[in-house]
Amino acid sequence: MTKTHVVALGGSLLRPEEAEKRRQWLGQLRQLIVHLEGNEHRLCIVVGGGLPAREGIELAKNIISNSNKLDQVGIAATRLNATILQQIFLDVGCNVAHSIPKSIDECVKLMDNHSIVVMGGTVPGHTTDAVAIALAKDCGARNCIIATNVPYVYDKDPRKYDDAKPMFDISIEELEKITGVGKITPGQSAVVDPIAVGLAKQFSIDIAVLDGRNISLLESALEGEEFDGTIIRSV
Ligand code: UTP
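Numbered as in this note's numbering, the sequence shown ends at 895 without a single skipped number.
Set out below in C-alpha cells:
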C-alpha cells in the first residue's frame, strides 16, 4: 500500500524576506512534490497562514474582540496560502485536488483520487498544526511532519533566551511541558500548537519538527531517512 504522509507547512516559509529566496524555495518544493508523486508517495499538506494571517488578525483586532471571528480571518489566510501551493503544483501537472478541503473528512475523501491534497485550516480554536495531527490520525499515518522556520524544538523560547538548548529526541510529555496546554490566542505563534500536542498524545502520533526553509530536510524526513530536527515520540 502507498504510504500517506501528512505535513504541516508553516505559512512563514512561503515568504522569505528576499524575493530570490521565495522563488527558489517554491521551485524546490515543487520539484520535491513532483519527485514524490513520481515515486508513488501520497501527501496531504496543511499550510499555515503566516504573514497574511497575522496582518489580517491585527487589522480585524482593532474592531473585533471575538476570538472565533479572528480565528476565521486566520483560517481564510491559511486557505489563501493553500491555494498558492495548489496552483503551483497543478501548473506542472501534478495530480493535486482541485478544491481546498474545509474539513478533515473532505481531505480524506479527496485522497482517494489524488496523490496530493493541499489544505489550510478547518474551524476556530486551534492552528493548522492541530489540523495536521488530526488528519494524520484519520489517514492512518503514524507520524506527522511539522516544517517550520526554526531548526529544532528548544527547551525554552530561543527568541527570548540566549541559553535555550535544542532538543533532538523527546517524548510527547516533554514537549507538553515546553508548550504548555490549552488554546493559544488568534495569531499567537508557538513552535507546536499545544492543542496539536494534546491530539498527538491522545492519538499516539509521533511528530518530526524540522526547518522547512531547507527543502532537503523535508525530503529526508519524507523518504524515511535521518534528518536534522527534533523527533517527538508519542508511543
Ligand atoms: P496557523 O496555522 O497559520 O498558525 O493559523 P501559526 O502557528 O501562526 O502558523 P504559521 O505562522 O503559519 O507557521 C493562523 C491562525 O488562524 C486561525 C488561528 O487564529 C491561528 O492562530 N486558525 C487556523 C484556526 O482558528 N483554525 C484552523 O484550523 C487554522
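No residue lacks a Cβ here, since even glycine has one placed at the ideal position from N, Cα and C.
In three-state DSSP terms, what is residue i?
i, result
"ALA868", "strand"
"SER759", "coil"
"VAL851", "coil"
"THR664", "strand"
"ASP829", "strand"
"ASN741", "helix"
"CYS804", "strand"
"VAL694", "helix"
"ARG893", "strand"
"ARG675", "coil"
"ARG702", "strand"
"VAL841", "coil"
Anyone know if the C-beta pair for residue i and residue j falls short of 8 Å?
i, j, result
"GLY670", "GLY872", "yes"
"SER864", "VAL813", "no"
"ALA757", "GLY734", "no"
"MET827", "ASP817", "no"
"ASN728", "GLY780", "no"
"THR664", "ALA801", "yes"
What does the alpha-carbon distance come out to for the pair residue i and residue j?
i, j, result
"TRP685", "GLU883", "19 Å"
"VAL869", "SER763", "24 Å"
"ARG819", "ASN773", "43 Å"
"SER759", "ARG893", "33 Å"
"LYS825", "PRO811", "12 Å"
"PRO761", "CYS767", "5 Å"
"ASN874", "ILE717", "28 Å"
"VAL795", "LYS721", "In the sequence as presented, Val is not what sits at residue 795; that position holds Leu. Each residue's alpha carbon lies about 30 Å from the other."
"ASN809", "THR782", "22 Å"
"ALA856", "VAL841", "10 Å"
"ILE776", "THR839", "30 Å"
Contact between the region 780-796 and the region 704-715 (3+ Cβ pairs under 8 Å): yes
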